[in-house]
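There are 2 protein chains.
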Amino acid sequence: MEKRPTSHDVARLAGVSQTTVSLVFTGRNGISAATRERVLQAAAELNYRPNLAARSMRTRRTGRLAVVIPFAGLNLAPILEGAVTTAREAGYAVEVVSLSNEEIDALLDSSEYEGVLSFSPMPAPRESAEESTTAFLALSEFDQEMHATGAFSDAQPMVEMMERLVELGHRRFLHVAGSPTFPSAVARRDLYLATVDRLGVESVGVVANSWSGITAKECVLALPDDVIPLAIIAANDILAAGAIRGSVERGWSVPGDVSVTGWDDAALSAHFIPSLTTVFQDRVRLGAYSMRRLIATIRGQEAPEPETGLQKVIWRESVAPPSTR
Amino acid sequence: MEKRPTSHDVARLAGVSQTTVSLVFTGRNGISAATRERVLQAAAELNYRPNLAARSMRTRRTGRLAVVIPFAGLNLAPILEGAVTTAREAGYAVEVVSLSNEEIDALLDSSEYEGVLSFSPMPAPRESAEESTTAFLALSEFDQEMHATGAFSDAQPMVEMMERLVELGHRRFLHVAGSPTFPSAVARRDLYLATVDRLGVESVGVVANSWSGITAKECVLALPDDVIPLAIIAANDILAAGAIRGSVERGWSVPGDVSVTGWDDAALSAHFIPSLTTVFQDRVRLGAYSMRRLIATIRGQEAPEPETGLQKVIWRESVAPPSTR
DNA sequence: CAAGTCAACTACTACGTATTACTAAGACGT
DNA sequence: ACGTCTTAGTAATACGTAGTAGTTGACTTG
Chain A
0 MEKRPTSHDV ARLAGVSQTT VSLVFTGRNG ISAATRERVL QAAAELNYRP NLAARSMRTR
60 RTGRLAVVIP FAGLNLAPIL EGAVTTAREA GYAVEVVSLS NEEIDALLDS SEYEGVLSFS
120 PMPAPRESAE ESTTAFLALS EFDQEMHATG AFSDAQPMVE MMERLVELGH RRFLHVAGSP
180 TFPSAVARRD LYLATVDRLG VESVGVVANS WSGITAKECV LALPDDVIPL AIIAANDILA
240 AGAIRGSVER GWSVPGDVSV TGWDDAALSA HFIPSLTTVF QDRVRLGAYS MRRLIATIRG
300 QEAPEPETGL QKVIWRESVA PPSTR
Chain B
0 MEKRPTSHDV ARLAGVSQTT VSLVFTGRNG ISAATRERVL QAAAELNYRP NLAARSMRTR
60 RTGRLAVVIP FAGLNLAPIL EGAVTTAREA GYAVEVVSLS NEEIDALLDS SEYEGVLSFS
120 PMPAPRESAE ESTTAFLALS EFDQEMHATG AFSDAQPMVE MMERLVELGH RRFLHVAGSP
180 TFPSAVARRD LYLATVDRLG VESVGVVANS WSGITAKECV LALPDDVIPL AIIAANDILA
240 AGAIRGSVER GWSVPGDVSV TGWDDAALSA HFIPSLTTVF QDRVRLGAYS MRRLIATIRG
300 QEAPEPETGL QKVIWRESVA PPSTR
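If you read the protein sequences in the order shown, they are chains A and B. Under numbering that gives the first Met the number 0, the residues of the first sequence are numbered 0 to 324, in order. Under numbering that gives the first Met the number 0, the residues of the second sequence are numbered 0 to 324, in order.
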């Protein structure tokens, strides 16, 4: 268990000063190509790698970012993939944490991280975010901004789906909403209501307020008998599955009597019977974009161009013209 | 943007030496209660937190662990939750990376991490794992050991499901296998074959070798007509859903003509029509246990008691006695 | 009461890097 | 030939902590 080589060891082997080694490894100029080569050669021979702790102490930069995620309820692996990969390419290490707001606060003024990216559904923590030197980007704000600018909004798929359903002949809608602690659930709910209004169709109501498929099923079972034909817009695929289940248990055929749409394109949705019309979200790109934006903030650069086309409606069997029985 | 307080600042305010502050914060004894109190008071006043980079440089311990995961194909969020939470409680920060074997190698001798926990389906990297001072624990080995010891094995649910199906009257089985790059897929396949043998029932074969539901469907569509009644053991819920889809498209009823079991209890499985018999895995506990084990390795302690009861068969509608038409 | 013991605390230093200020030696213009 | 500029390199230092090796002074003990 010999100790790791240091820049001094490399310097000795290459016959230069430690300063020179440092200059080579930080990519500065003022070093001749020949010397640079000698240093790299020596470093390779010793299998030298800079000690990050020492570097961090000297530069007062940690090179570390934190991603705050709610482990439950969302399919966050792809988001993580995008975020982690992007950060890594930019030279940052990413830690994953799941924290309460208080803990996020503590994180922010610990200076342990250069930036914190929060996918937590909760609103951003207290003002400390302002004072803190740690960059902070919350997806909830992010969501709202996307919503506001429209550039990258939840809007398009919802509108597209509802307009298409109306074209098919649907006039009566129901929204199965997700947990209002999630900005995305709120956005979908609001947009559902706005679109019902704009298209001048009937809304049977907005039911449920969690991500539970059981609840969705129960809400459908509680509907009056004369509500069909009906188009159900669910806030995600689990709710949609529950709604289909409830419809079938009542003897309503899907998509004959009831058309159903979901959101997320869950792994099983394509194989569902009937297969589920849903919204595919490119979570990898979403994660990557969020991270690029955080890094731009840290570096004082301006925000990158918003991504477009991150969401796409996938039409499947669960949507059809209303039955005319 | 004033600089963060250091232990010297705390010492000055408390009227003691920096050494004393350090001793207080590392929890050593030899400090009177009164002094300790004064130091903590001063630290709180300044909102002091030890600089981790400096501490790390001094102790030559980084307090960081890495978790290597394949982002695609598995539901790893709960595993991550268990692992991250456990590590955090033990004072470690966890970074998430998705890497090739070569990159894992680089990670191992970078000394950047005290330990690396790999959920990667690939086999462990080269011998460097032996030489490296960085602790390394791969789930693939882990899997195999669980398999070998039986204490925490994949075995129980597979055997339980098959025995129950035989009790119900099934005599003909089919296994839809997952990607052989995953140790868990291989284990399930092997155990399927062993159990077919042991129970003396017929196996129509082992089909598919990926986690694709489409492939599963096609495999079922390619079966001969006279194969029903049949019991299909799928390596996960996606494959099971594809198999059900294929069965229904051929006009086979599920579970009348074909009983199907999955694995993982995916979010939509309970709402599937028919709802899916599957194996629930407590991934949070699995992640936590894996992490505990890695930390024990790092600290030179003996491995913690293996967890039991991490998997449980959930009986649902997709399994029934074979039809007798 | 002297010697020994112990608790409580401190001065000093090493950890490995990046950076600042500096030097030596050519290159260049007039 | 002289001073100035540029290039290529070096010596010295600070970053903030933890731990080593003391140094007190009070207390015990034979």
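Where a beta carbon is used, it is the ideal one built from N, C-alpha and C, also for glycine. Bear in mind that the values here come from a model prediction, so they are computed numbers and not experimental data.
Residue i - containing beta strand (DSSP E), residue span
i        : result
A/Phe24  : Run containing A/Phe24: none in the beta strand (DSSP E); it sits in the alpha helix (DSSP H), 17-24.
B/Ile313 : 310-313
A/Arg171 : 171-175
A/Ala257 : Before going further, note that residue 257 of chain A is Val rather than Ala in the sequence given. First-last of the beta strand (DSSP E) with A/Val257: 257-260.
Host alpha helix (DSSP H) of residue i (start-end)
i        : result
B/Leu238 : 236-248
A/Thr180 : Careful: A/Thr180 lies outside any alpha helix (DSSP H) and carries neither H nor E.
B/Thr133 : Run containing B/Thr133: none; DSSP gives neither H nor E here.
B/Leu285 : 282-297
A/Leu116 : Not the alpha helix (DSSP H): A/Leu116 falls in the beta strand (DSSP E), residues 114-117.
A/His270 : It is not in any alpha helix (DSSP H) - A/His270 carries neither H nor E in the DSSP assignment.
A/Val253 : It is not in any alpha helix (DSSP H) - A/Val253 carries neither H nor E in the DSSP assignment.
B/Ser6   : 6-13
Proximity of residue i and residue j at Cβ, strictly below 7 Å
i        : j        : result
A/Arg249 : A/Leu275 : no
B/Gly261 : B/Asn235 : yes
B/Gln310 : B/Val278 : yes
B/Ala105 : B/Val175 : no
A/Arg284 : A/Pro303 : no
B/Glu36  : B/Ala65  : no
A/Leu75  : A/Pro320 : no
A/Pro228 : A/Ser317 : no
B/Leu136 : B/Leu293 : yes
B/Arg63  : B/Ala92  : yes
A/Ala41  : A/Val67  : no
B/Glu111 : A/Leu51  : yes
B/Ser330 : B/Val219 : Because chain B is modelled from 0 through 324, residue 330 of chain B falls outside the range shown and cannot be assessed.
A/Ala266 : B/Ile237 : yes
A/Met157 : A/Leu190 : yes
B/Leu39  : B/Ile30  : no
B/Ser330 : B/Val20  : This structure cannot settle anything about residue 330 of chain B, because the visible part of chain B is limited to 0 through 324.
A/Gly81  : A/Gly286 : yes
Reference residue i, options the options, closest by Cα
i        : options                                : result
B/Phe181 : B/Ser209, B/Phe135, B/Gln40, B/Tyr112  : B/Ser209
A/Asp196 : A/Ser55, A/Val206, A/Leu173, A/Ala184  : A/Leu173
A/Arg48  : A/Ile30, A/Arg57, A/Phe24              : A/Phe24
A/Ala221 : A/Glu201, A/Val200, A/Arg244, A/Gly199 : A/Arg244
A/Val206 : A/Ala137, A/Thr194, A/Asp225, A/Ala239 : A/Ala239
A/Ser211 : B/Ala233, B/Val20, B/His270, B/Tyr191  : B/His270
A/Ala89  : A/Val38, A/Glu162, A/Arg3, A/Ala295    : A/Ala295
A/Thr170 : A/Ile103, A/Glu111, A/Val257, A/Ser110 : In the sequence as presented, Thr is not what sits at residue 170 of chain A; that position holds Arg. Cα-wise, what sits closest to A/Arg170 is A/Val257.
A/Arg188 : A/Tyr288, A/Ala233, A/Leu164           : A/Ala233
B/Arg282 : B/Ser268, B/Glu306, B/Ile297, B/Gly299 : B/Glu306
B/Ile297 : B/Arg60, B/His7, B/Gly255, B/Met157    : B/Arg60
B/Asp263 : B/Ser183, B/Arg87, B/Glu102, B/Gln300  : B/Ser183
B/Asp108 : B/Ile313, B/Ala43, B/Thr133            : B/Thr133
B/Asp224 : B/Ile103, B/Trp251, B/Met157, B/Gly299 : B/Trp251
B/Lys216 : A/Ser202, A/Ile272, A/Thr5, A/Tyr288   : A/Ile272
A/Met161 : A/Ala193, A/Ile103, A/Val185, A/Pro179 : A/Ala193
B/Val96  : A/Glu102, A/Ile103, A/Thr85, A/Ser97   : A/Thr85
B/Glu201 : B/Ala53, B/Gly14, B/Val165             : B/Val165
A/Val83  : A/Ser289, A/Gln300, A/Glu301           : A/Ser289
B/Gly299 : B/Phe118, B/Thr19, B/Gly114, B/Arg3    : B/Gly114
B/Val312 : B/Arg163, B/Pro4, B/Ser178, B/Gly255   : B/Arg163
A/Pro179 : A/Glu159, A/Ile213, A/Ser119           : A/Ser119
Closer than 6 Å: residue i CB and nearest the ligand SAH heavy atom
i        : result
A/Met160 : Ligands displayed in this structure: none; no statement on the ligand SAH is therefore possible.
* Which whole runs of the alpha helix (DSSP H) in the stretch 176-235 of chain B are 4 residues long or more, in chain order? -> 182-198, 212-220
* At what residue ranges does the stretch 25-99 of chain B contain a whole run of the alpha helix (DSSP H), taking only runs of 4 or more? -> 32-45, 51-58, 76-88
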